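Trainee:
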Ligand SMILES: [Fe+2]
Ligand SMILES: [Fe+2]
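In the working numbering, the protein residues as written are 3 to 213.
1. Which whole-angstrom value describes the C-beta separation of residue 106 and residue 63, a residue pair presumed to lie in contact below a C-beta threshold of 8 Å?
2. For a minimum of 4 consecutive residues, which ranges assigned as the alpha helix (DSSP H) are wholly contained in the segment 25-110?
3. With residue 183 and residue 210 assumed to form a contact (beta carbons below 8 Å), what rounded beta-carbon distance in angstroms separates them?
4. Which term fits residue 180, buried or exposed, when burial requires 16 or more other beta carbons within 10 angstroms of its beta carbon?
5. Just how far apart, CA to CA, sit residue 127 and residue 157?
6. Would you call the segment 128-142 in contact with the segment 85-94, where contact means no fewer than 3 C-beta pairs closer than 8 Å?
7. Can you tell me the Cα-Cα spacing of residue 135 and residue 92, whole angstroms?
8. Can you tell me which of the three DSSP states residue 198 falls into?
9. Candidates 51, 177, 203: which alpha carbon is nearest residue 80's?
10. From 131, 38, 153, 36, pick the residue whose C-alpha is nearest to that of residue 53; which is it?
11. Starting from the Cα of residue 164, find the closest Cα among 146, 190, 37 and give me that residue.
12. Thinking C-alpha only, which one of 70, 155, 73, 178 is nearest residue 202?
13. Going by DSSP, what residue range makes up the alpha helix (DSSP H) through residue 211?
14. Taking the alpha-carbon positions, what's the residue 173 to residue 82 distance?
15. Are the beta-carbon atoms belonging to residue 178 and residue 213 less than 7 Å from one another?
16. Give every residue whose Cβ lies closer than 6 Å to any heavy atom of ligand 2, listed in chain order.
17. Would the C-beta of residue 123 count as close to ligand 1, meaning under 6 Å from any of its heavy atoms?
18. What are the boundary residues of the alpha helix (DSSP H) that includes residue 150?
19. Are there any heavy atoms of ligand 1 lying less than 6 Å away from the beta-carbon of residue 45, as far as the coordinates show?
20. Determine the closest residue to residue 159 out of 192, 170, 129, with distance taken between C-alpha atoms.
21. Can you give the Cα-Cα distance for residue 145 and residue 133, rounded to whole angstroms?
22. Residues in its own chain within less than 6 Å of residue 119 by CB, not counting five upstream and five downstream?
Shown next as structure tokens:
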């Protein structure tokens, strides 16, 4: 065989290998394996910290005379606690141990705290939970999909409520207001004008009042 024929043959072999390897997925990105337990742990830590942070923000809002903002922070804090509890249940069922490292919340003015809360909720709604949901779907983990979905829907509503509060900060002054939080999924609202939770379809009786 001539030298040029030899190199032609080896080139053909390489092409043949590629043709075999590509359809079998040898070069495809590997799906994340067992990412969901790590994601649940990260979400548990995040929700536990959000709970602590919002309670600190509520205290500051009361100090500054924004009673309604304080109520909103307390209601959202309760919702994050429910999310943390839901995540913890799934972690335990998977054989893990939920652990959180609570950082000292950076408390600023209520306007700044509302902005920080909007940023945190938006990140969870747009980036963190969609990523965690995609991995849980690949791993077909129905319990994780449910708890991530509950949290994502509630965080979207929190972001909206916080934005509304920041846009109308003067109207957040004065006495507190009652919010209602679904004990199953953490959905947060001021308006109980429904029979079943709009997010998890639990009966309205599952809602807790937080002021
Ligand atoms: Fe939230
Ligand atoms: Fe719910």
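Yeah, the Cβ is synthetic: ideal placement off N, Cα and C, and Gly gets one too.
None of these values were measured; they are calculated from a predicted model.
Mentor: Reading off the structure:
1. Beta-carbon to beta-carbon, residue 106 and residue 63 are separated by about 18 Å, too far to satisfy the 8 Å threshold.
2. Whole alpha helix (DSSP H) segments, 4+ residues: 37-65, 69-95.
3. In this structure, residue 183 and residue 210 form a Cβ contact; the two beta carbons are roughly 5 Å apart against a cut-off of 8 Å.
4. Result: exposed.
5. Their backbone Cα atoms lie some 6 Å apart in a straight line.
6. Remark: fewer than three beta-carbon pairs, one from each stretch, lie closer than 8 Å, so the segment 128-142 and the segment 85-94 are not flagged as touching.
7. Cα to Cα, residue 135 sits roughly 14 Å from residue 92.
8. Strand at residue 198.
9. Check the Cα spacing between residue 80 and each of 51, 177, 203: the tightest is with 51.
10. Checked all of 131, 38, 153, 36; the closest Cα to residue 53 is 153.
11. When each option's Cα is compared against that of residue 164, the closest is 190.
12. Sorting 70, 155, 73, 178 by C-alpha distance to the C-alpha of residue 202 places 155 at the top.
13. No alpha helix (DSSP H) holds residue 211; the beta strand (DSSP E) holding it covers 209-212.
14. Distance between the alpha carbons of residue 173 and residue 82: 25 Å.
15. Yes, these two residues count as a Cβ contact at 7 Å.
16. Taken from the N-terminal end onward, the list reads 184, 186, 187, 189, 199, 201, 202, 204.
17. Residue 123: yes, Cβ under 6 Å from ligand 1.
18. Counting along the chain, the alpha helix (DSSP H) containing residue 150 begins and ends at 144-169.
19. Short note on residue 45: C-beta not closer than 6 Å to any heavy atom of ligand 1.
20. The residue with the shortest Cα to Cα distance from residue 159 is 192.
21. Computed Cα separation, rounded: 16 Å.
22. Taken in chain order, the residues that qualify are 164.
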